[in-house]
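S.K.: Quick one: the structure is below, and I'll ask about it shortly.
Number of protein chains: 6
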Amino acid sequence: MNEIGVVYRNVRRADSAVAAKLGALGAATVHEAMGRMGLMKPYMRPIYAGAQAFGTAVTVLLHPGDNWMLHVAAEQIRPGDMVVAAITADCTDGYFGDLLATSFKARGAHGLVIDAGVRDVRVLTEMVFPVWSKAISAKGTVKATLGSVNVPVICAGALVTPGDVIVADDDGVAVVPADLAQSTLDAAAAREASEGAKRAKLAQGVLGLDMYNMREPLQKAGLRYLD
Amino acid sequence: MNEIGVVYRNVRRADSAVAAKLGALGAATVHEAMGRMGLMKPYMRPIYAGAQAFGTAVTVLLHPGDNWMLHVAAEQIRPGDMVVAAITADCTDGYFGDLLATSFKARGAHGLVIDAGVRDVRVLTEMVFPVWSKAISAKGTVKATLGSVNVPVICAGALVTPGDVIVADDDGVAVVPADLAQSTLDAAAAREASEGAKRAKLAQGVLGLDMYNMREPLQKAGLRYLD
Amino acid sequence: MNEIGVVYRNVRRADSAVAAKLGALGAATVHEAMGRMGLMKPYMRPIYAGAQAFGTAVTVLLHPGDNWMLHVAAEQIRPGDMVVAAITADCTDGYFGDLLATSFKARGAHGLVIDAGVRDVRVLTEMVFPVWSKAISAKGTVKATLGSVNVPVICAGALVTPGDVIVADDDGVAVVPADLAQSTLDAAAAREASEGAKRAKLAQGVLGLDMYNMREPLQKAGLRYLD
Amino acid sequence: MNEIGVVYRNVRRADSAVAAKLGALGAATVHEAMGRMGLMKPYMRPIYAGAQAFGTAVTVLLHPGDNWMLHVAAEQIRPGDMVVAAITADCTDGYFGDLLATSFKARGAHGLVIDAGVRDVRVLTEMVFPVWSKAISAKGTVKATLGSVNVPVICAGALVTPGDVIVADDDGVAVVPADLAQSTLDAAAAREASEGAKRAKLAQGVLGLDMYNMREPLQKAGLRYLD
Amino acid sequence: MNEIGVVYRNVRRADSAVAAKLGALGAATVHEAMGRMGLMKPYMRPIYAGAQAFGTAVTVLLHPGDNWMLHVAAEQIRPGDMVVAAITADCTDGYFGDLLATSFKARGAHGLVIDAGVRDVRVLTEMVFPVWSKAISAKGTVKATLGSVNVPVICAGALVTPGDVIVADDDGVAVVPADLAQSTLDAAAAREASEGAKRAKLAQGVLGLDMYNMREPLQKAGLRYLD
Amino acid sequence: MNEIGVVYRNVRRADSAVAAKLGALGAATVHEAMGRMGLMKPYMRPIYAGAQAFGTAVTVLLHPGDNWMLHVAAEQIRPGDMVVAAITADCTDGYFGDLLATSFKARGAHGLVIDAGVRDVRVLTEMVFPVWSKAISAKGTVKATLGSVNVPVICAGALVTPGDVIVADDDGVAVVPADLAQSTLDAAAAREASEGAKRAKLAQGVLGLDMYNMREPLQKAGLRYLD
C-alpha cells in the first residue's frame, strides 16, 4: 500500500467474460455472493441515474488536489478496464472532466470510480461515460506530485488490487478479487436464478413469512402478536 | 416506544379519503397547515425525482443491519398503507430491495419511508414503487433479531404512530396524527385555495411586499433603503 | 459584512453581455480562468440535472428560519439578475418555493443560489426556474427578523459582492467579481478555444502524457515503470 | 407533538429517589435495562469530561435561532429537574450561556440537554453546570417566536415526555418514561449487581468465552480456528 | 480574494490595546456587540479546553495538502498577531505542528486559526500555544504550490482582512474588522457591564421573565398557560 | 478480506522492541517516515486527551451492532498487542466497555482501535486503557453473528494486517506493515534526530524560510512581495 512513484505495467486481470457476467448481475447480488463483503462505502454515487458498468481495475493513487497520475494511468488502460482512483487524504476537488474522459474512452475504459470529485458532469452524461464519485465539484487540480498506478489502493473503504473485477450501478460499487471472480459468479448466478420464482410468488401475494418459513423461528425468538 | 418483539394487528387508521386529499396537497402545504410541525429531517430523499405518495402508516422498528421485521410487517399491510421503518441506531445498510417491494406492492402498499438505506433502486424506479430513505446502499442485511411492528416509532426525527397519515414527495415527508387529519386537511385546503390568486398576481409582477402588506412592518422594524 | 437592516438600491452590475458569455463557458472553465478561485463549496447542488444559469448578483442576508428579506429582495431584481442568499448561521429550512419563484421570474431573475433549503422543487422544475441550494426541505420559515439586501455576503464559502457575475451549472457555482469579469472572460475564452483541438487528439487515442509533454517532468520527479 | 404556544404547569414527575438511583447507574446500564432502547443520538456530548447528571424532564420546544422559551421554561423548573430542549429544525446556535445557567441553577435544575449549541462553556464548566449539546457556538439567538414548555418533544432522536427520568453522563443521554422508572431501576440494579463478580473474574484472566459459555454457540454458528 | 503568489508586508493592524480588551470580553460578547455577526462556523474548535487568545490577523491562503506558505507567513508575524489560515478547498491534513509553533511563538504570535487540520497537539498543549482548527490529523503536507499572505481570506465562513481583530476562546472565533474595533469594544463593554447585576439577580432566583419584562410580550404573542 | 467465521491463531507479529521504539516516535513522525502513508482517517480520536499507545495488531471484523467477536479476539491477545476492530458497515454503537477492557488488559493488550463507538469512557479513562474510536455511545450491541479474528481488515480507511505495528496518540493512528517496521523506524529516527536542532534554531527566531533555504524556490515559483 505504501509505494509512491511507481507504475506497474503488467497486471493480471480477471477474466473479461467473467467480469461481464458479474456486471450483468449487479453490485447488490455480487456483494451478497461474496458473503456480504466487498462494497465501497455508500457515499459513492453515480453521476447520472441508471449508470451501470463493470471492468477490471486499473488503480491510481493520487494526492489531495493533484490529478497528475490520472494521465499516467490513461496509458495503462486496456479495453474493458475500470479506473479506480484513491486519494491519500479526504478531498472533494474535481479531478476528472470531459478531456480525460475522452482519453479514457479512447483507450477502452468502461468507466471511473473515484473517491473524490469530478466535473463536466453534463458532458460526461452526454458521452455516457459512467463515473462513481463522492462529490461533484468544478474545483480544478494541479499536476505537481507523484502518486502511483496499479498498486493496491483503498478506495471508499474497500481494498482494490489491480485486475480485480469492479461492478458498479445505482446501488453502489462492488469489488471482486480476481481469484474469487469465478466462484463469486457461480454463487451470484445461483442466487439470481432463484429470484425469478420468488418474485412471481410474492407478486401473487404470497408472504415472505411463508415462502421463507419464517413463522416458526420468529415464534421461537419470542415474537408476540397482539390485537 | 420501548416494546420489542411485538406486532400489533389492529391499527386505527386515519380515514383513507382524507389521507388521499392530504396527499394531493403535498408535504410542504400539509406541514404548514399543522403549524410548521410534523416533518421528518430533510436528509430523507426520494429514490427518484417526482416521487409522490400518501397513505396510513404501518410502522416497523428494526435493528442495525437486520431487516427481518420487514417481512413481518408485510403481512400487516392493507391497501393504501405506507410502511414507515425506523432503526434503533444509525445505519445505512440496504434493508429493502425489489423482492420486498414486489411483496409490499402486492399487499397494496403505496410506498416505503425508511431511516436507513435501500437497494435495487433501478428496479424500484421501473416498478414506480416510491421510497424515501437516508441512503442508497447495496449492503445486505441479516435476519436474526426481533423488532416490532405497529408500535410508535421515531423515524428521521418525527414521531409516527401506526395509522397516522404520511404525505411524501420531492420536498420531504410529513406525518399527520390520525386525530388531526381532518382539521389539518381543512387548514391545508384553505391555505391552498388562496395560493392560485396569489400566484397570478405575482406572475403579473405584483410584489409580495405589496400583496402581503409588508412595507409598514418592515419600516417599523427599522429597514432602511440606501442608494 | 456587518450591516443589518439595510437595502442598497443602486448596484453597479457587471456588464450583462460579459455575464452571458461567462455563463456559456460554465463554472469549471470560469473558475480555472480566475486562477482556480471563486467557487462556492461543492455541497451547493442544482435542484434538477442539467440546470444552467448566469447573471449579476442581487444579494440577500437572512437569519435562520426567516425568509422575510427574500420579499424585500424581489423588488431589487432587474432582468438578468441571479439572487444569492446567505444565512447568518447554518440552516436547511425551505426558504423558497413556487410563489417566490413566480415573483422572481416575473421580475426577470435568472435563478437563485441559496446556502439553505428550498421546497416545491417539482413545480420549480416544471417552471424551469433553476436553483442551487444545500438542501431540499418542506420546512417553512417565518417573517420576523430583518436582514439586508445588496450587502456583500459569504455564501457557501465564497464572497459575493452585489453586481458580481454568477455562473452556475451541474458542476457548481462560480463567482466573478465585477471588476474581473472582462479579464476572466478573456482568459476563459482562450482556455476554451484550445480545448476542441485537444479533445479531438485525445479521442484519436493520443495520450495526455504526450500531448502535454509530461513524460520528462514525470521522469525528473522520479516516476519509475515496473513490470 | 404539535402544540405551539403553550406551557403546561402541572407535570407528573417520576419519583425523585428512583431518578437518583437510575442516575447512579449511568446511561449505558439504564439503556440496557430498557431492552437497549431510550437513548439519544451519540452526537449529544457533554461540554466537559466527566459530566454526570440525572433528573426529571422539563421539556422545551424552540425554533431555530430563538431561545425565548428557555426563559419561560426557567419558571417551570423544580429542584431535581433536567431541562430538555428540542428545536423544530436543525440548528447549532448558542441558545444557552452563563446567565441562563445561573437562573436554572438557582431554580434547582440539575443540568440541560439541548439538541443545538451552547456557549460560555468555560464559565459553565467552572459553575459545574452540566450540559449535553450537539454543538458549542458563540452564535447568539433572538427572542421573537413562541414555542412550548412541557409538551412531549423529540430531542436528538428520542421522545421525551415531561416528567421522564433523564440520565446523562460521558456515554450519552438515556430517557426513561416515568411509568417505567421503577421497573427499569429494578432491571438495571440486577444487571449492575452481577457486574462486580464478572469484572473480578475477567481481571484474573478468565475469558468471556468461558465465563459466558460462548464456545458452544460459536462452534454451532460455524466458527473455525485455523493456524 | 483572488490574488495568488503575493505577500503583502504592510498591514494596517487594529490597535493592540483595543484588541486586548476585546480578547478579555470573549468571542460571544464580541459577536453580540457586532449585531450577532462576524463568527466563524462552530466546527472550529480549540485543541485544548480553556484556550483563549486574541490578536491582529496575519492571513494565509493555502492549497489542499500544501503548507509552504505558513513558512512565508512566519516572517510577516509581529508580536500580538494571530495567524489565520484559509484553504482553497476542504482539507483536513495536519498543516501545522510543533516546529512551526516554535517559530510562530518566537515571532510573537498569539495563536493560530486554521480551517484545516493540525498535529503534535500534545506538544502544542504543553507549549500553551493555542490553535483553533477543524480537525486534528497526523497527515503531513507538501511544499509545492504558491498561495498568498496578507490577502483577504474566507476562513470557516468568515471574511478576514489582514489586521482585523481575532478573538478566540472555547466558544469559537470572532472576527472584528479593524475599522469597527473601537466601536465594537464600546458596545461589548457596555453589554458586559450590565451582566454582573443581572447575574446576581438571577442567582437569587429572580426570573428572566420578570427581569427582562417578558411576560407582557409573551402574552401578546399568545402564550397560554395550562394546568 | 472476505473470510467470515474464521480465527487465525498464529500471527507473525512485528518485533516488539521495534514497535516500542516506533510508539515513542508518535503517529505523525511514523507516518512521515513511511512516505506520508499508513494513517487512519482523522475521525478516529482518543477517548481522553494525551492517550498514547503502540502494539502489534490483533484484528477483528465485526458486523453492525454485534460485538460477539471481541470476546473471541480476547483469547488471541498476547502481551503488547493492540486490538484493531473494523465493522462491515458504518456503525456508531458502543461495542466496548469496562468489562471487555478489564479482560483485554488482563490479557496484556495495550489498547483498542475501533471504527465504531465505545462506552464506559469515564471508567476506561480511570483504568488508563486507551481507545481510539469514531464515536462514544451508550448504545449496546448483540452477540448473534460471526465475524473473524486475525484476518486483514480495513479500519478507518487503512489496511491492517495481523501483526502490523500500530502507533496511536493525540494526532491519530498510524499502521506500519510488519515487513516495513525496521526500515520505518530507521527513517523515523533519522527524521526525529534532526528535529531538536531545528527546534532550537526556530526558537531563537531563525525563520524556516532561511533554515530550509526556501527563498530561492519561492522566488522561482513566482512569489512577489508587495508593500
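Residue numbers (this note's numbering), protein chains in the order written: chain H, 1 to 227; chain Y, 1001 to 1227; chain D, 2001 to 2227; chain S, 3001 to 3227; chain W, 4001 to 4227; chain L, 5001 to 5227. For glycine and all other residues, C-beta sits at the position ideal for the given N, C-alpha and C.
(1) Scan the stretch 5136-5174 of chain L and note each continuous beta strand (DSSP E) run of 3 residues or more that stays entirely inside, going in chain order.
(2) So with Cβ pairs under 9 Å, would you call L:Asp5120 a contact of chain Y?
(3) Name, please, each residue of chain L whose Cβ falls closer than 9 Å to the Cβ of S:Lys3198.
(4) I'd like to check one pair, W:Phe4129 with W:Arg4117: are the Cβ atoms closer than 9 Å?
(5) If you run the structure through DSSP and keep just helix, strand and coil, what is H:Asp115?
(6) Which same chain residues end up closer than 6 Å to S:Met3034 when comparing Cβ atoms and leaving out the 5 residues on each side of it in sequence?
(7) Does the CB of D:Lys2220 have a neighbour CB from chain W at under 9 Å?
(8) Taking only beta-carbon atoms, is L:Met5214 less than 9 Å away from chain H?
(9) Identify the continuous beta strand (DSSP E) that holds D:Arg2224 and give its terminal residues.
(10) Checking 9 Å against the spacing of the C-beta atoms, do L:Arg5122 and S:Asp3015 come in under that value?
(11) Tell me which residues of the stretch 1011-1037 of chain Y have at least one Cβ-Cβ distance to chain S shorter than 9 Å, keeping chain order.
(12) May I have the straight-line CA-CA distance separating S:Tyr3095 from W:Leu4180, to the nearest angstrom?
(13) Less than 9 Å between the C-beta atoms of W:Leu4022 and W:Val4176, yes or no?
(14) Tell me the rounded alpha-carbon separation between Y:Val1084 and H:Ser103.
(15) By the criterion of Cβ-Cβ separation under 7 Å, what are the contact partners of H:Thr92 in chain L?
(16) Quick check for students: name the residue ranges of the beta strand (DSSP E) that lie wholly in the stretch 2008-2070 of chain D, counting only runs of 3 or more.
(17) Step through the CB atoms of chain Y and report whether any lies within less than 9 Å of the CB of H:Gly55.
(18) Decide if Y:Asp1227 is buried, meaning its Cβ has at least 16 other Cβ atoms within 10 Å, or exposed.
(19) Starting from Y:Ala1101, follow the alpha helix (DSSP H) in both directions and report where the run begins and ends.
(20) By the criterion of Cβ-Cβ separation under 9 Å, what are the contact partners of H:Ile4 in chain L?
(21) Residues of chain D with a CB under 7 Å from the CB of S:Pro3079: which are they?
(22) So, using beta-carbon positions, are Y:Ser1148 and Y:Glu1003 closer together than 9 Å?
(23) Can you confirm whether W:Tyr4048, when its beta carbon is compared against all beta carbons of chain S, has any partner nearer than 9 Å?
(24) For L:Thr5088, go through chain H and note every residue whose CB falls closer than 8 Å to its CB, in chain order.
(25) With DSSP as the reference, please indicate the residues paired to D:Ile2004 in a beta bridge.
(26) Mapping DSSP to helix, strand and coil, what is Y:Arg1121?
(27) Taking the C-alpha atoms as reference points, what is the distance between W:Pro4064 and W:Ala4089?
(28) Locate the beta strand (DSSP E) running through S:Asp3081, then write down its first and last residues.
(29) Within 10 angstroms of its Cβ, does S:Met3069 collect 16 or more other Cβ (buried), or is it exposed?
(30) Would you call the stretch 5140-5154 of chain L and the stretch 148-159 of chain H touching, i.e. three or more CB-CB distances under 8 Å?
(31) Between the Cα of D:Gln2052 and those of D:Gly2080, D:Lys2143, D:Val2167, spot the shortest distance and give me the residue it belongs to.
(32) Considering just the uninterrupted stretch of the alpha helix (DSSP H) at W:Asp4186, what are its terminal residues?
(33) Kindly indicate which residue of H:Asn67, H:Val60, H:Asp98, H:Leu99 has the alpha-carbon position closest to the one of H:Asp81.
(34) In the structure shown, what three-state DSSP assignment does D:Val2206 receive?
(35) Given a cut-off of 9 Å on the beta-carbon distance, is the pair Y:Leu1039 and Y:Ala1188 in contact?
(36) Classify S:Pro3079: buried if its beta carbon has 16 or more other beta carbons within 10 angstroms, exposed otherwise.
M.R.: The answer reads as follows:
(1) 5153-5155, 5158-5160, 5165-5169, all fully within the stretch 5136-5174 of chain L.
(2) For the purposes of this step, residue 5120 of chain L is identified with residue 120 of the sixth sequence, where counting begins at 1. So no, L:Asp5120 is outside the interface.
(3) In the fourth sequence, the residue the question calls residue 3198 of chain S occupies position 198. Those within 9 Å of S:Lys3198 in chain L are Leu5099, Thr5102.
(4) Position 117 of the fifth sequence, counting from 1, holds the residue named residue 4117 of chain W. Position 129 of the fifth sequence, counting from 1, holds the residue named residue 4129 of chain W. Residue identity check: residue 4117 of chain W is Gly in the sequence provided, not Arg. In this structure, W:Gly4117 lies away from W:Phe4129, with their beta-carbon atoms at least 9 Å apart.
(5) Numbered from 1 along the first sequence, position 115 holds the residue referred to as residue 115 of chain H. DSSP places H:Asp115 in strand when its eight states are reduced to three.
(6) As a working note, residue 3034 of chain S is residue 34 in the fourth sequence. Only Thr3184 meet the Cβ criterion.
(7) Counting from 1 along the third sequence, the entry for residue 2220 of chain D is found at position 220. Taking CB atoms only, D:Lys2220 has no neighbour in chain W less than 9 Å away.
(8) Here residue 5214 of chain L corresponds to residue number 214 of the sixth sequence, with the count starting at 1. Taking Cβ atoms only, chain H never reaches closer than 9 Å to L:Met5214, which makes this a no.
(9) To locate residue 2224 of chain D, count along the third sequence from 1; it is residue 224. 2224-2226 is the extent of the beta strand (DSSP E) around D:Arg2224.
(10) In the sixth sequence, the residue the question calls residue 5122 of chain L occupies position 122. In the fourth sequence, the residue the question calls residue 3015 of chain S occupies position 15. Their beta carbons are not under 9 Å apart, which means L:Arg5122 does not touch S:Asp3015 by this criterion.
(11) So the close ones are Met1034, Gly1035, Arg1036, Met1037.
(12) Here residue 3095 of chain S refers to the residue found at position 95 when the fourth sequence is read from its first residue. Here residue 4180 of chain W refers to the residue found at position 180 when the fifth sequence is read from its first residue. Here the alpha carbon of S:Tyr3095 sits roughly 26 Å from the alpha carbon of W:Leu4180.
(13) Translated into positions along the fifth sequence, residue 4022 of chain W becomes position 22. Translated into positions along the fifth sequence, residue 4176 of chain W becomes position 176. Closer than 9 Å, so yes.
(14) Here residue 1084 of chain Y refers to the residue found at position 84 of the second sequence. Here residue 103 of chain H refers to the residue found at position 103 of the first sequence. Going by the C-alpha atoms only, they are around 46 Å apart.
(15) Position 92 of the first sequence, counted from the start, is the residue given in the question as residue 92 of chain H. What H:Thr92 touches in chain L: nothing, since even the nearest Cβ is about 15 Å away.
(16) For the beta strand (DSSP E) assignment, the uninterrupted runs of no fewer than 3 residues enclosed by the stretch 2008-2070 of chain D are, from N- to C-terminal side, 2053-2062.
(17) For the purposes of this step, residue 55 of chain H is taken as residue 55 along the first sequence, with counting starting at 1. No, H:Gly55 does not count as interfacial toward chain Y.
(18) Translated into the one-based positions of the second sequence, residue 1227 of chain Y becomes position 227. Exposed: under 16 other Cβ atoms inside 10 Å.
(19) For the purposes of this step, residue 1101 of chain Y is taken as the residue at position 101 of the second sequence. Looking at the DSSP string, the run of the alpha helix (DSSP H) that includes Y:Ala1101 is 1098-1107.
(20) In the first sequence, counting from the first residue as 1, residue 4 of chain H sits at position 4. Correct list: Gly5035, Arg5036, Met5037.
(21) The residue you call residue 3079 of chain S lines up with position 79 of the fourth sequence. Near S:Pro3079 there are no residues of chain D at all, since even the closest Cβ is about 34 Å away, more than 7 Å.
(22) Against the second sequence, residue 1148 of chain Y aligns to sequence position 148. Against the second sequence, residue 1003 of chain Y aligns to sequence position 3. Judged by beta-carbon spacing, Y:Glu1003 lies within the 9 Å limit of Y:Ser1148, meaning their Cβ atoms are closer than that value.
(23) Residue numbering aside, residue 4048 of chain W sits at position 48 when the fifth sequence is read from its first letter. Not one chain S Cβ lies under 9 Å of W:Tyr4048.
(24) If you number the sixth sequence from 1, residue 5088 of chain L lands on position 88. Going along chain H in sequence order, the residues near L:Thr5088 (Cβ under 8 Å) are Arg36, Met37.
(25) Residue numbering aside, residue 2004 of chain D sits at position 4 when the third sequence is read from its first letter. DSSP, once it has assigned bridges, lists no residue as partnering D:Ile2004.
(26) What you label residue 1121 of chain Y is simply residue 121 of the second sequence in a count that begins at 1. The question names Arg, yet the displayed sequence has Val at residue 1121 of chain Y. Three-state DSSP puts Y:Val1121 in a helix.
(27) As a working note, residue 4064 of chain W is residue 64 in the fifth sequence. As a working note, residue 4089 of chain W is residue 89 in the fifth sequence. Straight-line Cα distance between these residues: approximately 6 Å.
(28) Stepping through the fourth sequence from its first residue, residue 3081 of chain S is reached at position 81. In the DSSP annotation of this structure, the continuous segment of the beta strand (DSSP E) that includes S:Asp3081 starts and ends at 3081-3087.
(29) On the fourth sequence, residue 3069 of chain S is found 69 positions in, with the first residue counted as 1. By the neighbour-count criterion, in which a residue is buried when 16 or more other Cβ atoms sit within 10 angstroms of its Cβ, S:Met3069 is buried.
(30) Under the three-pair Cβ rule at 8 Å, the stretch 5140-5154 of chain L counts as touching the stretch 148-159 of chain H.
(31) Taking the third sequence and counting its residues from 1, the one referred to as residue 2052 of chain D is at position 52. Residue nearest to D:Gln2052 within the set D:Gly2080, D:Lys2143, D:Val2167 is D:Val2167 (criterion: CA-CA distance).
(32) For the purposes of this step, residue 4186 of chain W is taken as the residue at position 186 of the fifth sequence. Start and end: 4181-4193.
(33) Walking along the first sequence from the start, residue 81 of chain H turns up at place 81. Nearest neighbour of H:Asp81 by Cα position, chosen from H:Asn67, H:Val60, H:Asp98, H:Leu99, turns out to be H:Val60.
(34) Stepping through the third sequence from its first residue, residue 2206 of chain D is reached at position 206. It is coil, neither helix nor strand.
(35) Taking the first residue of the second sequence as 1, we reach residue 1039 of chain Y at position 39. Taking the first residue of the second sequence as 1, we reach residue 1188 of chain Y at position 188. In this structure, Y:Leu1039 sits away from Y:Ala1188, with a CB-CB distance that is not shorter than 9 Å.
(36) Within the fourth sequence, the letter at position 79 stands for residue 3079 of chain S. By the 10 Å Cβ count, S:Pro3079 comes out exposed.
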